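Structure first, commentary second.
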Amino acid sequence: MATAWRRHVARVAAGLNPLYAAGAVFLVVYAQVFANSYDQRVLAIAGIYALLVIGYQFVFGHAGALSLAQAAFFGLGAYVTALLATRLGWPFLVTFPASLGAAAALAALVALPVLRLESHYFALATLAIGQAALAAAVNWESLTGGSVGLGGVPPPSLFGFAIAPGTRMLVLIWGLVAIGGAVAWLLIRGPRGLAIRAAREAPMAAGAVGIDTGRMRFTLFVLGAAYGGGAGALHAHLLGVVSPEVLRLPVMVSCLAMTIIGGRTRVAGAIIGALLLVHLPEWFRFAERYGPLVYGLALLATIVVAPDGLTGAATRLRQFLWPESPPPPPEILPRAVGLFHAPAEIDLKVIELSKQFGGVAAVREVSFALRGGEIIGLIGPNGSGKTTILNLITGTERPDGGKIVLNGEDIAGWNPHRIARRGIGRAFQTPILVESMTALDNVALATHTAVTAGLSYPGRRLAAARAEAASLLGGLEIESSAMQRWAADLPHGVRRRVEIARALAARPRILVLDEPAAGLDEAERNALRTALRDLAAQGMALIVIEHDFHFLSGLASRLICLDAGQVIAQGTVEAVRRDKLVEAAFFGPTAGADGAP
């Protein structure tokens, strides 16, 4: 245990930015040498808000959800500490964890319904939570003291030592900020950080490689609430009184402003935003009437000049003044025996599968079977239901009827991440990548998913995940320079192969590809065809949608032709090619771009 903690401390120390470290030293010197008692109190309030914002970053920054309930968790933590300390006389070592737990419990309770909502609906639902908490605090006078609140909250004490306001309180608060910041920093780094970013920016792609985006949002929401409850507990001890003011909208607005101005995904941003906005009223005390105007101008200036916050702007400035060379590609792991191996007992049965969208029957009682080593090609005119079948198999859509049986287990209607963890990989018709990641990390996040799913994997660190990702990218003949490029800058053909590499990184037993050759030149198509044949030779099963009949004719074991959601023919490539219904539907004059030359 001690060795593990030393390793974590070493990781934190190695990741410290020298500029931020210097800022921390300056803050300590200022607090101890130059600050009077009032200045120390202001610094303590800034520390409390920094802890609140660090927690808010989990849901607003990392989960990408605009929650307006953080003030409710802050106020709940304050009231829990005040009640337990004043009425029961419980010590800080009990009341502080109780405040964290109460806020987390409330978040877990409300998360089940509200996290199903998106965009402004989620924001309005969380705002309602805050308003309900405020109403309870005002009207439940016997418990909360009503509008007057609860007074006489004692200063915290640790092991018999009273933490009086001043230097001791400042050390306690900022010590907890340091601990909370270090925990948050560790949680969002490495493969877990890649998974969080993928869930935020490309949830469909995240689900396709086995990342449970719903569980991740739930965890981040509850964790952020716990930080809010802890900040509220410290606020109650510092001021000695708790009133409904801790639940009002200005607290939430301040938290949101600090997060945006400082930077919504960096711990340093939370601290900088809190320090800046807590001190702004002090610096502009001569213009106290214009406080809201100052806040508004600060927010507007940040959004226009530094949309990713002051820490993001500082990073871009540093890169501009002192550009860094891209890191060298990781060492490519030798491909282990069975890296793509899938067991021979793969047995997928699609039984009378049906799906309707309104009055349109997209898929009508489609049935086929797939075993290991087979490559099935799906063909048919546009709108024939090919992509819908893939969506049903991979969980993106839920069937209205029928079964999808994988090795004896009906997986119809399962969530995409569950299906992915059962061994069905997916590449989309239009490649979906996390644009702000490198091609390498887009693949590495899926290798980590294979680890969390319990599959054999040599090494659990990000470096090992990147090494295996580099091996996969190399296997698809993507040049090493592409491994270090942002996904947003990749050409279409490379993007498509990166997505296939990501699907392979999760080690699927069945690979589902939607038009994988679209946009590739002849050499790229030949390379892709060879790679897919190699996968099938190792026991993997593949389902491939493709409009290029020549590509499929040299790849597929058999073809299934669809028209208007129904199977009109299936069998060998040559048999399907000569079928009269197929000729009329796929190769005929009405087939358009689907026809083969």
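Quick note, in my numbering, the sequence shown goes up one by one and the last residue is 585.
Just so it is clear, CB atoms sit at the ideal spot from N, CA and C, and this is done for glycine as well.
Since this is a predicted model, take the numbers as computed values, not measurements.
For residue i: DSSP bridge partner residues
i      : result
Lys343 : Val351
Trp474 : Thr426
Ile531 : Ile364, Val500
Gln417 : Beta-bridge pairing links Gln417 to no other residue.
Phe356 : Val338
Gln554 : Asp551
Glu397 : Leu394
Ile117 : The partner list for Ile117 (beta bridge, DSSP) is empty, contrary to what the question assumes.
Ala150 : Ser145
Ile412 : Ile498
Gly463 : Partner(s): none; Gly463 has no beta bridge.
Gly559 : Leu547
Gly139 : Val229
Gly389 : Ser342
Buried or exposed (CB count within 10 angstroms, at least 16 for buried), residue i
i      : result
Phe308 : exposed
Arg323 : Any answer about Arg323 is weak, because its pLDDT of 48 lies below 50 and its placement is not dependable; what the coordinates show is given next. When all chains shown are included, Arg323 counts as exposed.
Ala2   : For Ala2, the predicted structure reports a pLDDT of 49, less than 50, and the residue's modelled location is therefore unreliable. A value from the coordinates is still provided. So Ala2 counts as exposed.
Phe14  : exposed
Ala579 : The predicted position of Ala579 is uncertain, since its pLDDT is 45 and thus under 50; a value taken from the coordinates is nonetheless stated next. Burial call: buried.
Val422 : buried
Lys568 : exposed
Leu281 : exposed
Pro6   : exposed
Phe147 : exposed
Phe272 : exposed
Pro369 : buried
Val570 : buried
Glu397 : exposed
Phe574 : buried
Leu115 : buried
Gly442 : Interpretation of Gly442 is limited by its pLDDT of 44, a score under 50 that renders its predicted location unreliable; the figure taken from the coordinates is listed afterwards. Gly442 comes out exposed.
Gly163 : exposed
Phe110 : buried
His108 : exposed
Gln20  : exposed
Beta-carbon spacing of residue i, residue j below 8 Å
i      : j      : result
Lys363 : Ala524 : Contrary to the premise, residue 363 reads as Ile rather than Lys in this sequence. The answer is yes: Cβ separation under 8 Å.
Leu378 : Val500 : yes
Leu103 : Phe209 : yes
Val136 : Thr74  : no
Ile260 : Leu285 : no
Ile339 : Ala529 : no
Ile199 : Ile36  : no
Lys337 : Ala350 : no
Gly411 : Pro496 : yes
Leu182 : Asp429 : yes
Leu31  : Leu227 : no
Glu487 : Pro404 : no
Gly168 : Leu39  : yes
Gly43  : Arg188 : no
Gly365 : Val532 : yes
Ile607 : Val266 : The requested residue 607 does not occur in the structure, where the chain is confined to residues -11 to 585.
Thr518 : Trp474 : no
Ala489 : Leu461 : yes
Gly481 : Glu512 : yes
Leu88  : Gly218 : yes
Ala457 : Val431 : yes
Leu105 : Ala92  : no
Gln28  : Gly154 : yes
Contact test: residue i Cβ vs the ligand SAH heavy atom, cutoff 7 Å
i      : result
Thr435 : Annotation note on the ligand SAH: not contained in the displayed structure, which lists no ligands.
Short CB-CB distance (under 8 Å) between residue i and chain D
i      : result
Leu105 : Annotation note: the requested chain D is absent from the structure, which comprises a single protein chain.
Inset, instruction - Give a yes or no on contact between the stretch 449 to 457 and the stretch 177 to 184, applying the rule of three or more CB pairs nearer than 8 Å. - result: yes
Legend entry - Sequence ranges, alpha helix (DSSP H) only - wholly within the stretch 198 to 244, length at least 4: 201 to 227
Inset, instruction - Decide if the stretch 229 to 241 is in contact with the stretch 102 to 121; the criterion is three or more beta carbon pairs, one per stretch, under 8 Å apart. - result: yes
Legend entry - Runs of alpha helix (DSSP H) wholly within the stretch 10 to 91 (minimum 4 residues, chain order): 25 to 44, 58 to 75
Inset, instruction - Assess, as a yes-or-no matter, whether the stretch 538 to 549 is touched by the stretch 559 to 568 under the definition of 3 or more beta carbon pairs within less than 8 Å. - result: Segments in contact, yes.
Legend entry - Touch test, the stretch 498 to 514 against the stretch 407 to 422, Cβ-Cβ under 8 Å, three pairs minimum: yes
Inset, instruction - Mind the definition here: the stretch 388 to 407 touches the stretch 341 to 349 only if three or more C-beta pairs lie below 8 Å; say whether that holds. - result: yes
Inset, instruction - Check whether the stretch 40 to 48 touches the stretch 56 to 63, taking contact to mean three or more Cβ pairs, one atom from each stretch, closer than 8 Å. - result: yes
Inset, instruction - Jot down the residue ranges of each uninterrupted beta strand (DSSP E) in the stretch 166 to 201, minimum 3 residues, whole runs only, in chain order. - result: none
Legend entry - Validate contact between the stretch 97 to 116 and the stretch 66 to 83 using beta carbons, cut 8 Å, 3 pairs: no
Inset, instruction - Please confirm if the stretch 501 to 521 is in contact with the stretch 529 to 539, defined as three or more CB-CB distances below 8 Å between the two stretches. - result: In this structure the stretch 501 to 521 lies against the stretch 529 to 539, because at least three pairs of beta carbons, one per stretch, are closer than 8 Å.
Inset, instruction - Just list the alpha helix (DSSP H) runs in the stretch 241 to 308, keeping only unbroken ones of 4 residues or longer that don't cross its boundaries, in chain order. - result: Listed in chain order, the complete alpha helix (DSSP H) runs (minimum 4 residues) inside the stretch 241 to 308 are 255 to 271, 279 to 293.
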